[in-house]
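*Asks:* Counting with full-length UniProt numbering, you get residues 1 to 213 for the letters of the sequence shown.
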Amino acid sequence: MTSDKHILIGEDDSFLLTLLELQCQSLGMQTCGVVNGEQLVTEALSYKYDIVITDIQMPLCDGIEAMQILRRLGYDRPIFAMSADKIDCEGFDCTLQKPVDITQLAELFNQTPQQDRVPLLLNDELTALFYQNLLQLGQDFAVALQQEDLNLMRQICHKIKGGAASFGHQNLSHLADNLQQRLISETHNKDLLKECKQFLLIIQQSGVKNERT
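The following block contains the structure:
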């Protein structure tokens, strides 16, 4: 009999994601589904989940890259891979063949102990990594703004949104979310580009503020 566990699932195919969530829920699990590797990393670092299950082929950041990022950040909870192909990569606790066998899934859930709900520990190394990444994202955003590449700016806003909230920059995260939505819904116009320029200054100021502290 499986105990109630929290399962994070990364799968970009909406039908397969729904199917896997229903399978997990039928085993008494609570689930959260995400559709790309960046969301998977951000959500996993909340440390709310007992098990992470990820597809290998996903947009923005694939399952292998997401797992490697998490492991570099010290994430030591179980991460299961899903793939129709053979995976030769260290870091995963288990590889599930697609289509996922619900009996195998139940056995794995039974064998995996429930994890403590703990907050992410923001040590100096992890904080430094965040600001290095923010600096790079700011440079990328500046290039995208110069080229007036709305799609690339939207992708960068999405990346900043999750990380900024985790490291105490709630305002930056909120602004990134709002701008991301505008970049999705609006076409090229002067007001939108003006807001993008203002957002770039805020990114740069966030990095400078960290250097002074």
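Glycine is no exception: its CB is placed at the ideal position from the N, C-alpha and C atoms.
If you're wondering where the values come from, they're calculated on a predicted model, not measured in any experiment.
Terminal residues of the continuous beta strand (DSSP E) containing T31?
*Replies:* Run containing T31: Q30 to V34, per the beta strand (DSSP E) assignment.
*Asks:* Work out the CA separation of S26 and Q139 for me, nearest whole Å.
*Replies:* Going from the Cα of Q139 to the Cα of S26 covers about 46 angstroms.
*Asks:* Going by C-alpha to C-alpha distance, which of L201, I56 and L16 sits closest to I87?
*Replies:* Cα-wise, what sits closest to I87 is I56.
*Asks:* Helix, strand or coil, according to DSSP, for residue 267 in the structure here?
*Replies:* Absent from the structure is residue 267, since the part of the chain shown begins at 1 and ends at 213.
*Asks:* Quick one: grab the DSSP three-state call for C94.
*Replies:* C94 falls in the strand class under three-state DSSP.
*Asks:* To the nearest angstrom, report how far apart D101 and R72 are at their CA atoms.
*Replies:* If you take the alpha carbons of D101 and R72, they lie about 30 angstroms apart.
*Asks:* Identify whether I56 lies in helix, strand or coil by the three-state DSSP scheme.
*Replies:* Looking at I56 - three-state DSSP - the assignment turns out to be coil, as it is neither helix nor strand.
*Asks:* Look at the alpha carbon of V34 and the alpha carbon of F92, and state the distance between them as a whole number of angstroms.
*Replies:* Computed Cα separation, rounded: 18 angstroms.
*Asks:* Exposed or buried, which one is T213 when buried takes at least 16 other CB atoms within 10 Å?
*Replies:* In this prediction, T213 scores a pLDDT of 47, lower than 50, which makes its location untrustworthy; the coordinate-derived value is nonetheless stated afterwards. Result: exposed.
*Asks:* At which residues does the alpha helix (DSSP H) containing G10 begin and terminate?
*Replies:* Segment H6 to G10 is the beta strand (DSSP E) holding G10; no alpha helix (DSSP H) there.
*Asks:* I87 by DSSP, collapsed to three states: which one?
*Replies:* Reduced to three states, the DSSP call for I87 is coil.
*Asks:* Taking C-beta to C-beta, are R159 and E38 nearer than 8 angstroms?
*Replies:* Position check: residue 159 holds Lys in this sequence, whereas Arg was assumed. The answer is yes: Cβ separation under 8 angstroms.
*Asks:* Can you tell me whether V143 is buried or exposed? The criterion is at least 16 other CB atoms within 10 Å of its CB, across all chains shown.
*Replies:* When all chains shown are included, V143 counts as exposed.
*Asks:* Which residue marks the beginning of the alpha helix (DSSP H) containing T112, and which one marks its end?
*Replies:* Where T112 is concerned, there is no enclosing alpha helix (DSSP H), given that its DSSP letter is neither H nor E.
*Asks:* What are the residues that DSSP puts in a beta bridge with residue 215?
*Replies:* Nothing can be reported for residue 215: it is not among the residues displayed for the chain, which extend from 1 to 213.
*Asks:* Return the residue from the list F141, C24 and T127 that minimises the CA-CA distance to E107.
*Replies:* When each option's Cα is compared against that of E107, the closest is C24.
*Asks:* Do you know whose CA, among L179, Q30, L175 and Y47, lies nearest S206's CA?
*Replies:* Checking every option, the nearest Cα to that of S206 belongs to L175.
*Asks:* When the distance is taken between beta carbons, is I156 closer than 8 angstroms to L137?
*Replies:* Yes, Cβ-Cβ distance for L137 and I156 is below 8 angstroms.
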